[in-house]
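J.: Heads up: the protein sequence lines correspond to chains A and B, in order. With the numbering used here, letter number 578 in the first sequence gets 605, and the count goes up by one each step, no holes. With the numbering used here, letter number 432 in the second sequence gets 1436, and the count goes up by one each step, no holes. Yeah, the Cβ is synthetic: ideal placement off N, Cα and C, and Gly gets one too. Keep in mind the model is a prediction, meaning the values are calculated, not measured. Sharing a structure below in structure tokens format, with a few things to ask.
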Amino acid sequence: MMIEKNFAGSDGFYWWIGVVENRLDPLELGRCQVRFFGYHSDSLTDIPSKDLPWAIPMQAINTHAFATPKETDVVFGFFADAGSKQFPIMMGTIPGIQTNPKNTGAGYNDLRDGPTVIRYAPKYLVNRKYNKDGTGIQLTEANTPNVEVQESLRYPRDFELNKSTISGVVTYQPMANNVISARQNNLDLGVETANGVSWDEPYPAYNPLYPYNQATETESGHVFELDDTPRNERISMNHRSGTYWEMRPDGTKVQKVTKSNYQVVMGDDFLHVMGFVNITVDSAARIKVLGDVNLEIGNNLNAQVSENINLTAGGEFNIKAESINIDIAKDATLVTGGSQFLTSQDNINIKTNAGLLSSAGGNIDLDAGGNMNATGGGDVNILSGGDANMQAGGNANILGGKVNLNSGGSAGQAAAAADGVVTGLAPANPPSTPNHADIPIPATPVPLQYSVGGNGAILNPYTGVAAKQDSQLVTNPADPDGPKVEPPPPANAVPQACNFDPSAHTWIPKAEWKASSAVIDLIRKSEGYADQSGKYGAKPPYYPPKVKGYPDPATKAEPITAGYGTTTVALSQTKYAQTITYDTVIDQATADAWVLEIINTVVIKFIKQYQSNDTLTQGMIDALCDFAWGGVGLYKNSSIRTKLAAKDYCGAADGFLLYQYAPLPKGAPDIPGNPPGKQIMKGLQIRRQNERTLFLS
Amino acid sequence: MATETSDAQQQGSTTGSDYKLNVYVLTSDGHTFTISNIVLNFNLYESIFSPYVTGDIEIGDAADILSNYSFNGNEYLYVTLEKPGVTTFLPIQKYFRVYKVANRRTKTQSLQTYTIHFCSEELILSTQMLIRKSYKGLPISGMISDIVKNILQASPDKLNGSLSETSGNFDIIIPRMQPFEAISWLKSRAYGNGKTAFFFWENKFGYNLVSYEDLLAQTPYRTYDKAPKVTIDPSDVQSSLNYVAFGEEFDIIKGNRYGAFSTSLLTYDILSRKFAKTTLAAPDLDLQRSFLNKFPPANFSQNRFKKTLFDNDESMQKFYITSDSDPNANPASPQSWLLQQAIKLAELNALKAVINVPLDPNITAGHLVTLNLPLMRPQDQAYTADKYKSGNYLVASVHHGISGDMASTTIELLNDSLGAQLPSAAVFSGTLQDFAKG
Chain A
28 MMIEKNFAGS
38 DGFYWWIGVV
48 ENRLDPLELG
58 RCQVRFFGYH
68 SDSLTDIPSK
78 DLPWAIPMQA
88 INTHAFATPK
98 ETDVVFGFFA
108 DAGSKQFPIM
118 MGTIPGIQTN
128 PKNTGAGYND
138 LRDGPTVIRY
148 APKYLVNRKY
158 NKDGTGIQLT
168 EANTPNVEVQ
178 ESLRYPRDFE
188 LNKSTISGVV
198 TYQPMANNVI
208 SARQNNLDLG
218 VETANGVSWD
228 EPYPAYNPLY
238 PYNQATETES
248 GHVFELDDTP
258 RNERISMNHR
268 SGTYWEMRPD
278 GTKVQKVTKS
288 NYQVVMGDDF
298 LHVMGFVNIT
308 VDSAARIKVL
318 GDVNLEIGNN
328 LNAQVSENIN
338 LTAGGEFNIK
348 AESINIDIAK
358 DATLVTGGSQ
368 FLTSQDNINI
378 KTNAGLLSSA
388 GGNIDLDAGG
398 NMNATGGGDV
408 NILSGGDANM
418 QAGGNANILG
428 GKVNLNSGGS
438 AGQAAAAADG
448 VVTGLAPANP
458 PSTPNHADIP
468 IPATPVPLQY
478 SVGGNGAILN
488 PYTGVAAKQD
498 SQLVTNPADP
508 DGPKVEPPPP
518 ANAVPQACNF
528 DPSAHTWIPK
538 AEWKASSAVI
548 DLIRKSEGYA
558 DQSGKYGAKP
568 PYYPPKVKGY
578 PDPATKAEPI
588 TAGYGTTTVA
598 LSQTKYAQTI
608 TYDTVIDQAT
618 ADAWVLEIIN
628 TVVIKFIKQY
638 QSNDTLTQGM
648 IDALCDFAWG
658 GVGLYKNSSI
668 RTKLAAKDYC
678 GAADGFLLYQ
688 YAPLPKGAPD
698 IPGNPPGKQI
708 MKGLQIRRQN
718 ERTLFLS
Chain B
1005 MATETSDAQQ
1015 QGSTTGSDYK
1025 LNVYVLTSDG
1035 HTFTISNIVL
1045 NFNLYESIFS
1055 PYVTGDIEIG
1065 DAADILSNYS
1075 FNGNEYLYVT
1085 LEKPGVTTFL
1095 PIQKYFRVYK
1105 VANRRTKTQS
1115 LQTYTIHFCS
1125 EELILSTQML
1135 IRKSYKGLPI
1145 SGMISDIVKN
1155 ILQASPDKLN
1165 GSLSETSGNF
1175 DIIIPRMQPF
1185 EAISWLKSRA
1195 YGNGKTAFFF
1205 WENKFGYNLV
1215 SYEDLLAQTP
1225 YRTYDKAPKV
1235 TIDPSDVQSS
1245 LNYVAFGEEF
1255 DIIKGNRYGA
1265 FSTSLLTYDI
1275 LSRKFAKTTL
1285 AAPDLDLQRS
1295 FLNKFPPANF
1305 SQNRFKKTLF
1315 DNDESMQKFY
1325 ITSDSDPNAN
1335 PASPQSWLLQ
1345 QAIKLAELNA
1355 LKAVINVPLD
1365 PNITAGHLVT
1375 LNLPLMRPQD
1385 QAYTADKYKS
1395 GNYLVASVHH
1405 GISGDMASTT
1415 IELLNDSLGA
1425 QLPSAAVFSG
1435 TLQDFAKG
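Printed below as a string of structure tokens:
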């Protein structure tokens, strides 16, 4: 007679206790092969481990979380088929003290074969090396495939023998090299913050009292704790690598990542910090924001940078402050691609302990609602290729032992200083002396007119001072005391090819002569653009876009130059002019604008005046503009102009190559093949060659 | 209520003196002696439902054998039973094991009577051991054979029975069962090609594992005719029938309860989450089986719900948790054996009869016999056969009994069918009230 009634649930409840011998369920349902006490024996002959029935785990009703016991775990359950006893269901595990050493010769043990143990057994860590060089932790686990290690992974593992099967984390007996002890022994101490304060990674608050720490410690060493120990209530999640977070008794949360940390938020992210935020990055930090960044700071924004600060704005760079104080230990350069505006509702004070240089290829407009004071311990030079406009609502004071206002525009009414030159159309009541107190405040801005000095240089309308451009000329052997003249061709000059075909070019009538962007390109190549430190000749990209005035690269002194060799700032030649000083700050766009404005308002005017040709090619116009940019006087007196007037195009082109000299340093011996007191300046040599090529293009 | 025909109770009876019964005793301390001359009663039992043979001997002892030979239950008996001069008699020659002495009574100062109970030695062995063993990829018959031969290590003379092959190879772990318990558990799950149920039992030939269908396919061992005889021939043991008694006939309630007519099986595969209901009615099973006789023991009359006995598949319902989706599922799916076996075994109880015949040691459990039974009739009317109950019967158990004045064999018979088709109304005709109204 069969025992069962053949109705599940009515055939009685037959429970069992057994030992898990294998948990590698081919169906991956968490089943385990269990050897039952009583129903089975420990005879591996009668019941090999592989023949044991698969017991299905019963799960908690509030979760589908996967969990399965491990080999040698004692489990309890019942038979779903009460009569047959072939279909066991596991209900739970039974803890105990593991006193039975591993034994592969009988049932109720971890009987996995060696390869299975090596391949599937979770490996515990034998070492954690906390690298603090940014590479993160280095882990070493027991996974060497030899018999010794293989057996060390078999249950019960050596360190588990004669111990409770309950995790040592619960009983405050963490196993050796446990992640908790690893945390304790590898704290991050003395982390410096930006304000000089340092902090320490808190010592783990781990101090559980049995039985209040509801903890799980996995085979490979992960630890998860819900600790209700009175006055030491904690929650912690520890990865065996040492990465963890811990919610401490006082609510503090500590988080440590022993390798890299990734966080992706596909929606919004909100963070409210009511106290301080301390961030210390041992290496570099990269922050990229595709949208706006709005930074509101209740108090100060203090940034201390050991090296450079590089800020790049694709659009405007706007700074608004009650006051801006910039303390620069060395040079400062402001370079703009367009115009540069410095506007103040009050005084603009420029003070330098060395020279104050202002040079503009176009107009120099100085316009102040209040006083405008230019004070120099040495010379105060305002040079403009176009008009030099200086307009002050209050006083316009230029004080100096020698005050030169030199404008390439119209002379207008000029007043000479004691030992200076004032040319161009001066504002009403121009000072008769360079005493700033004598310079009246014009009722309305009066455009400055540029003029050309005796040597052809564009003169500052106020000072009448011309840029020093005759350095490329040489002494006239026939009249050593007379004006300097165009240098002769170099003794070893090699004629260059010239295949200019007039019929192949477009000839532009004089009324339409205007410099093209080719001039800007050529000037950029030749003059270069100063970088933030005022270093001459910086190449793109230019950081930052604004620069301050800098000394003439050739003379290392005046005229003070900004942008592309501009010595006179022409913010708008119809308003006022401003002399370049060391404090002049422009950006590249401004520098470009200066060049074009001065060339197309001043330089081109002189070229139209002095060049008798009715038509020129665009290349010729641009080449002449670039050449005259260095000095209209040079152009006026050069063979370039005369041969071009005679339509000796190749001769005119070769004329550019004559202007490549710079003075030798004082006391330096003459160089054979070079005119006396002269040396070929490499930059000029290249520039002239480029002008020749542009001229014939 | 039993129906008994005892009008010829003494016909064909034989006495104990017609047979030669020898009983030898082997005591646990090595003595051997015979007790043949002091046997008062001898009984031997075998059944298709029992894996062992038992018996008892009543002794009239004037030598106090029990004490003088220190009987303690470890004695062996060697029993031979023969009928001198009758060559058709197949003698019984078997070893048994004493397991109990009971009913010891003192008759006089020098005489006592008691009963020695004995059994197949394997029964005692079976109670002394437990099986915890896995079988992988074996048919049920292979597992039973292993238990008989290798675990019980049955004596060679008991391996002359019939051990049939069953179908299917299974992975089964015997979960701490005694050998005979395990065999019973295993054979209940055995099936074969067209075989619905298997029986395992011990008889005079040894151990047998035979399907129900193979039992039915036998040629009847003997025909017992209850027709009146003119003369009594003591040698006509072939047809001598001392009495016939019917213990149960068509117990509909028991038939319903045990699924004789229709049954269903619910299964839930806990791994694949598949629930299934399988139903089986006896007429459907009839298509693929044979009966002892030609006609089933029930008809198609309808109840008030216009349903026949075969339309009530919930009369017996089983429910099994299975794991068929597991490629290593254990045990064999109940769909393959449970319903068929239930119907067949329940049907086998349709008719239960007991007959008593002159001692016939040749007949054994598992035989088929034929009964020719008359209808009850007045004395002056001619013999008329009972067309329903006359026919073949399965010998479920055999009890050989010998005493000083009588030697007979009592046979329990089972039948799953009738010799004629039961009539039935096509449609339920109404109520008894309607009938009473005429």
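Leaving out five residues before and five after B/Leu-1343 in sequence, what residues of the same chain have Cβ atoms less than 6 Å from its Cβ?
T.: Contacts found: Thr-1267, Leu-1269, Leu-1284.
J.: Within the 8 Å Cβ cut-off, does B/Ser-1327 reach chain A?
T.: Answer yes: the Cβ-Cβ gap between B/Ser-1327 and chain A drops below 8 Å somewhere.
J.: Cα separation between B/Val-1361 and B/Thr-1414?
T.: Distance between the alpha carbons of B/Val-1361 and B/Thr-1414: 6 Å.
J.: Under 8 Å between C-beta atoms, does B/Arg-1277 make it to chain A?
T.: So, not an interface residue.
J.: Are the region 206-219 of chain A and the region 234-251 of chain A touching by the rule of at least three beta carbon pairs closer than 8 Å?
T.: As far as the Cβ criterion goes, the region 206-219 of chain A touches the region 234-251 of chain A, which means the pair count is three or higher.
J.: What residues from chain A crowd round B/Arg-1261, counting only those whose CB sits closer than 7 Å?
T.: Per Cβ cutoff of 7 Å: no residues; B/Arg-1261 is ~11 Å from chain A at best.
J.: If A/Ser-665 sits next to A/Gly-678, beta carbons under 8 Å apart, how far is it from one beta carbon to the other, in whole angstroms?
T.: Incorrect: roughly 11 Å between the Cβ atoms, too far for contact.
J.: Let me know the beta strand (DSSP E) ranges lying completely inside the region 650-715 of chain A, each 3 residues or longer, listed in chain order.
T.: The region 650-715 of chain A contains these whole beta strand (DSSP E) runs: 688-690, 705-707.
J.: When you compare the CB of A/Lys-726 with every CB in chain B, is at least one pair closer than 8 Å?
T.: The first residue shown for chain A is 28 and the last is 724, placing residue 726 of chain A beyond what the model contains.
J.: Grouping DSSP H, G and I as helix and E and B as strand, with all else coil, what is A/Ile-74?
T.: Coil at A/Ile-74, not helix or strand.
J.: At a CB-CB cut-off below 7 Å, which residues of chain B make contact with A/Tyr-66?
T.: Ordered by position in chain B, the residues that pass the 7 Å Cβ test against A/Tyr-66 are Arg-1136, Pro-1179, Arg-1180.
J.: Measuring only the C-alpha atoms, how far is B/Tyr-1392 from B/Leu-1398?
T.: When rounded, the distance between both Cα atoms is 16 Å.
J.: Please confirm if A/Gly-45 has its CB atom under 8 Å from at least one CB of chain B.
T.: Closer than 8 Å: no.
J.: Rounded to whole angstroms, what is the Cα-Cα separation between A/Leu-188 and A/Ile-124?
T.: Each residue's Cα considered, the two are about 8 Å apart.
J.: Taking the DSSP output, what are the residues bridged to B/Leu-1418?
T.: Partner(s): B/Lys-1356, B/Leu-1398.
J.: List, from N- to C-terminal side, the beta strand (DSSP E) runs of 3 residues or more that fit wholly inside the region 1369-1397 of chain B.
T.: Segments of the beta strand (DSSP E) lying fully in the region 1369-1397 of chain B: 1372-1376.
J.: Can you look up A/Pro-507 in the DSSP assignment and give me helix, strand or coil?
T.: Reduced to three states, the DSSP call for A/Pro-507 is coil.
J.: By the three-class DSSP mapping on this structure, what secondary structure does B/Ser-1054 have?
T.: DSSP places B/Ser-1054 in coil when its eight states are reduced to three.
J.: Rounded C-beta distance between A/Pro-702 and A/Val-521? I'm assuming under 8 Å.
T.: 18 Å between Cβ atoms; not a contact.
J.: In chain order, what residues of the same chain lie with their CB nearer than 6 Å to the CB of A/Tyr-157, ignoring the 5 residues before and after it?
T.: Result list for A/Tyr-157: Ile-164, Asn-213, in chain order.
J.: Excluding sequence positions up to five away, which residues of its chain have a Cβ less than 8 Å from the Cβ of A/Tyr-662?
T.: If we look at A/Tyr-662 and ignore the five residues flanking it on each side, its Cβ neighbours are Gly-483, Phe-633, Ile-634, Tyr-637, Leu-651, Phe-654, Ala-655, Arg-668.
J.: Span of the beta strand (DSSP E) holding B/Leu-1081?
T.: Looking at the DSSP string, the run of the beta strand (DSSP E) that includes B/Leu-1081 is 1080-1086.
J.: Using a C-beta to C-beta distance shorter than 8 Å, which residues of chain B count as neighbours of A/Ala-107?
T.: Ordered by position in chain B, the residues that pass the 8 Å Cβ test against A/Ala-107 are Ile-1274, Ile-1325.
J.: Quick one: using the 10 Å Cβ neighbour count with 16 as the cut-off for buried, is A/Met-12 buried or exposed?
T.: Here chain A has residues from 28 to 724 only, and residue 12 of chain A is not among them.
J.: Measuring CA to CA, which of A/Thr-644, A/Ala-616, A/Gly-657 is closest to A/Ile-626?
T.: Here the closest residue by C-alpha is A/Gly-657.
J.: Kindly indicate which three-state DSSP category A/Asp-254 falls into: helix, strand or coil?
T.: Strand at A/Asp-254.
J.: Can you tell which of B/Asp-1317, B/Ser-1394, B/Gly-1408 has the C-alpha that lies nearest to the C-alpha of B/Gln-1425?
T.: B/Gln-1425 has its Cα closest to that of B/Ser-1394, out of B/Asp-1317, B/Ser-1394, B/Gly-1408.
J.: A/Leu-4 CB to nearest chain B CB: under 8 Å?
T.: Nothing can be reported for residue 4 of chain A, as the shown portion of chain A is limited to 28 through 724.
J.: Between the region 1106-1124 of chain B and the region 1166-1174 of chain B, do three or more beta carbon pairs fall short of 8 Å?
T.: Cβ pair count under 8 Å is below three, so no.
J.: Among A/Gly-217, A/Pro-235, A/Leu-236, A/Ala-221, which one has its Cα closest to the Cα of A/Asp-227?
T.: Looking at the Cα atoms, A/Gly-217 is the closest of the given residues.
J.: Chain B partners of A/Pro-75, CB-CB under 7 Å?
T.: Result: Ser-1138.
J.: Could you spell out the range, first to last residue, of the alpha helix (DSSP H) harbouring B/Lys-1191?
T.: Start and end: 1183-1191.
J.: Using DSSP bridges, identify the partner residues of A/Glu-244.
T.: BP columns for A/Glu-244 point to A/Val-250.
J.: Taking only beta-carbon atoms, is B/Ala-1280 less than 8 Å away from chain A?
T.: Closer than 8 Å: no.
J.: Spatial neighbours of A/Gln-716 within its chain, please: CB distance less than 6 Å, with the 5 preceding and 5 following residues excluded, ordered by chain position.
T.: Within the same chain, A/Gln-716 has no close Cβ partners at all.
J.: For B/Glu-1351, count neighbouring Cβ atoms within 10 angstroms of its own Cβ and tell me buried if that reaches 16, exposed if not.
T.: Looking at its Cβ environment, which holds 16 or more other Cβ atoms inside 10 Å, B/Glu-1351 is buried.
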